[in-house]
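Residue numbers (the numbering used here): 1 to 171. Have a look at the structure below before the remarks.
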């Protein structure tokens, strides 16, 4: 594909594999806004390296800086359906993220599959019941996106498999 040219003959970079993309997002569900990068800093990611939800990444393909889009994802395309059998018992000493736990709080636990986010259901002296569903599981989610910049990834970023710089991974 030939590069796009602006009116003043500058090359306009499209989002393709190995492009570093910086964007703002606002995430909403049926109850309203859940979170927004506009309250913090824009995100930076390396396109084509499975760093975000696949349907979200596919929707960004071919976009350029300044483009905006809105995409709604069903639970199966986002964080999955809620599973009723996802409650597990964990020793409190393995929960990370706070010193004192209450139902509804989010904790981090190391598992055989790596670090996992869980929600506290019930807590006792030594054990806690945790919900291993992702906090957004079962929800239809709408992402409003604004592409801020698109550039070619450096060889180092491609080798590391992630974007470097503000909003990306720092070494």
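Glycine included, C-beta positions come from ideal geometry on N, C-alpha and C.
Residue i vs residue j beta-carbon contact at 8 Å
i	j	result
residue 108	residue 124	no
residue 138	residue 54	no
residue 150	residue 19	yes
residue 60	residue 47	yes
residue 99	residue 120	no
residue 51	residue 162	yes
CA-to-CA distance, residue j to residue i, given in whole angstroms
i	j	result
residue 72	residue 141	6 Å
residue 154	residue 24	22 Å
residue 44	residue 159	16 Å
residue 106	residue 26	21 Å
residue 17	residue 85	38 Å
Integer Cβ distance of residue i from residue j, believed to fall under 8 Å
i	j	result
residue 68	residue 136	About 22 Å separates the two Cβ atoms, so there is no contact after all.
residue 126	residue 92	6 Å
residue 134	residue 117	7 Å
residue 15	residue 21	6 Å
residue 129	residue 87	6 Å
residue 143	residue 70	7 Å
Reduced DSSP category for residue i - H, G, I as helix; E, B as strand; rest coil
i	result
residue 230	Because the chain in this structure spans residues 1 to 171, residue 230 falls outside the shown range and cannot be described.
residue 15	coil
residue 35	strand
residue 114	strand
residue 29	strand
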